[in-house]
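The block underneath contains the structure these notes are about, expressed in structure tokens.
Protein chains: 2
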Amino acid sequence: MKYSKQRELILNTLKEHMVHPTADYIYKVLKKELPSISLATVYRNLNQLAENGVIKKIEGLDGSLHFDHNLTNHYHFICIKCNKVYDVPYDVAPDLADKVFSQTGLIIENYDISFKGVCPECHKKECN
Amino acid sequence: MKYSKQRELILNTLKEHMVHPTADYIYKVLKKELPSISLATVYRNLNQLAENGVIKKIEGLDGSLHFDHNLTNHYHFICIKCNKVYDVPYDVAPDLADKVFSQTGLIIENYDISFKGVCPECHKKECN
DNA sequence: CCATAAAGTGATAATCATTATCATTATTGT
DNA sequence: ACAATAATGATAATGATTATCACTTTATGG
Chain A
1 MKYSKQRELI LNTLKEHMVH PTADYIYKVL KKELPSISLA TVYRNLNQLA ENGVIKKIEG
61 LDGSLHFDHN LTNHYHFICI KCNKVYDVPY DVAPDLADKV FSQTGLIIEN YDISFKGVCP
121 ECHKKECN
Chain B
129 MKYSKQRELI LNTLKEHMVH PTADYIYKVL KKELPSISLA TVYRNLNQLA ENGVIKKIEG
189 LDGSLHFDHN LTNHYHFICI KCNKVYDVPY DVAPDLADKV FSQTGLIIEN YDISFKGVCP
249 ECHKKECN
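Note that the protein sequences, when read in sequence, are chains A and B.
Residue numbers for the first sequence follow the numbering used here, so the first one is 1 and each next one is one higher.
Residue numbers for the second sequence follow the numbering used here, so the first one is 129 and each next one is one higher.
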């Protein structure tokens, strides 16, 4: 993988956003900084970074793809109102892969948990 | 929701398939039995059944939508080779919603776990 | 430090799954 | 049986992602 300014910017943008963005969101943000950037480049680099394990893909509620640069073990909380994706710390359910293996014999390579509910931000709005 | 033969057939097809199929798969199966059925009808009814809580939607590895008629609490195992979706019993991780609430304060409405790995069937094939 | 090969880019066309539209048909309660 | 309403089938539209391709940037080795 060769260096490219575009890839660096894409990764930086991802790191700056706690709420894991979609490809299109990153594209719109970067367009301001580097107006010549192409949506195809954003998709290409996000996929490449995900393949190389630098970032991770997350499936949103509506089937949309989000990206996450946080490589430590953790789960996700997806707001059913605004579709934003938040992190949930790993220790709410440690060692799940081992438990599944001992109960089913299935060998788990990895797994995701998506919790769903209304995020604090949207909850506030509802109470107005 | 009015009765329709198409909806009944769609639900039956779903129940007969342990490995949760996609809309397109159900369409192809039903086409043999009821050649006049439309793909749009399959999508319409699956979405409607899911909205009414009769079935559930599952996100596949590749972003594809699968459907599941099993309403009891359980998780899913998705094969990274063949993309088939299997069930994993609930008791490998009971009461997760409560744990998340006590550790984060987030109110969980529901959640899914997708375990990923190579299914026994594909594992056999690899060993030939 | 230039030449060359390999990888990356931007623009746009193509793809593919899912949804929307709409005229027609089936189901339901009275 | 009849009006009201929901469902269907065919097809067009949508929207997100991927492929293509001519051109540019990056890395490297003499």
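Beta carbons: idealized from backbone N, C-alpha and C, even for Gly.
Nothing here was measured: the structure is a model prediction, and the numbers come from that model.
Checklist entry - F243 of chain B to K84 of chain A, Cα distance in whole Å? => result Residue mapping note: residue 243 of chain B aligns to position 115 of the second sequence, counting from 1. Residue mapping note: residue 84 of chain A aligns to position 84 of the first sequence, counting from 1. Inter-residue distance for F243 of chain B and K84 of chain A is about 22 angstroms (C-alpha atoms, whole angstroms).
Checklist entry - Can you find at least 3 beta carbon pairs, one from the stretch 156-166 of chain B and one from the stretch 118-125 of chain A, that sit closer than 8 angstroms? => result The count of Cβ pairs closer than 8 angstroms, one atom from the stretch 156-166 of chain B and one from the stretch 118-125 of chain A, stays below three, leaving the stretches out of contact.
Checklist entry - Taking the alpha carbon of T22 of chain A as the point to measure from, which residue in A:K31, A:N70, A:I58, A:Y75 has its own alpha carbon closest? => result As a first step, residue 22 of chain A is located in the first sequence; it is residue number 22 there, counting from the start. Nearest option by C-alpha distance: A:I58.
Next on the checklist: Am I right that V55 of chain A and D68 of chain A are in contact with their C-beta atoms under 8 angstroms? What's the rounded C-beta distance?
Outcome noted: In the first sequence, counting from the first residue as 1, residue 55 of chain A sits at position 55. In the first sequence, counting from the first residue as 1, residue 68 of chain A sits at position 68. Here residue 55 of chain A turns out to be Ile, not Val, going by the sequence shown. Yes, I55 of chain A and D68 of chain A are in contact; Cβ-Cβ is about 6 angstroms, under 8 angstroms.
Checklist entry - Under 8 angstroms between the Cβ atoms of D215 of chain B and H204 of chain B? => result Along the second sequence, one-based indexing puts residue 215 of chain B at 87. Along the second sequence, one-based indexing puts residue 204 of chain B at 76. A contact, by the Cβ cut-off of 8 angstroms.
Item to check | Cutoff 8 angstroms: F195 of chain B Cβ touching any chain A Cβ | outcome: Indexing the second sequence from 1 puts residue 195 of chain B at position 67. With respect to chain A, the C-beta atom of F195 of chain B has no partner C-beta closer than 8 angstroms.
Next on the checklist: Do L158 of chain B and I138 of chain B count as a contact pair if the criterion is CB distance below 8 angstroms?
Outcome noted: The residue you call residue 138 of chain B lines up with position 10 of the second sequence. The residue you call residue 158 of chain B lines up with position 30 of the second sequence. Cβ distance < 8 angstroms, so I138 of chain B and L158 of chain B count as in contact.
Item to check | alpha helix (DSSP H) runs wholly inside the stretch 141-185 of chain B, at least 4 long, in chain order | outcome: Runs found: 151-161, 167-179.
Next on the checklist: Assess contact between the stretch 130-148 of chain B and the stretch 232-240 of chain B, defined as three or more Cβ pairs (one per stretch) separated by less than 8 angstroms. Is contact present?
Outcome noted: The stretch 130-148 of chain B makes no contact with the stretch 232-240 of chain B; the number of CB pairs closer than 8 angstroms stays below 3.
Checklist entry - If you check the beta carbons only, do K99 of chain A and V220 of chain B fall under 8 angstroms apart? => result In the first sequence, residue 99 of chain A corresponds to position 99, counting from 1. In the second sequence, residue 220 of chain B corresponds to position 92, counting from 1. Result yes, Cβ atoms of K99 of chain A and V220 of chain B sit closer than 8 angstroms.
Item to check | Residue-level contact to chain B via CB, L39 of chain A, 8 angstroms cutoff | outcome: Residue mapping note: residue 39 of chain A aligns to position 39 of the first sequence, counting from 1. For L39 of chain A, the answer is no, since every Cβ of chain B falls outside 8 angstroms of its Cβ.
Item to check | Neighbouring residues, chain B, relative to T104 of chain A (Cβ below 7 angstroms) | outcome: Translated into the one-based positions of the first sequence, residue 104 of chain A becomes position 104. V216, listed in chain order.
Checklist entry - Expressed to the nearest angstrom, what Euclidean distance is found between the alpha-carbon atoms of T200 of chain B and H20 of chain A? => result What you label residue 200 of chain B is simply residue 72 of the second sequence in a count that begins at 1. What you label residue 20 of chain A is simply residue 20 of the first sequence in a count that begins at 1. Pairing T200 of chain B with H20 of chain A, the inter-Cα distance amounts to about 31 angstroms.
Checklist entry - Considering only the beta carbon of each residue, do A134 of chain B and N173 of chain B sit closer than 8 angstroms? => result Locating residue 134 of chain B in the second sequence gives position 6, where the first residue counts as 1. Locating residue 173 of chain B in the second sequence gives position 45, where the first residue counts as 1. Reading off the sequence, residue 134 of chain B comes out as Gln, not Ala. In contact: Q134 of chain B and N173 of chain B (Cβ atoms closer than 8 angstroms).
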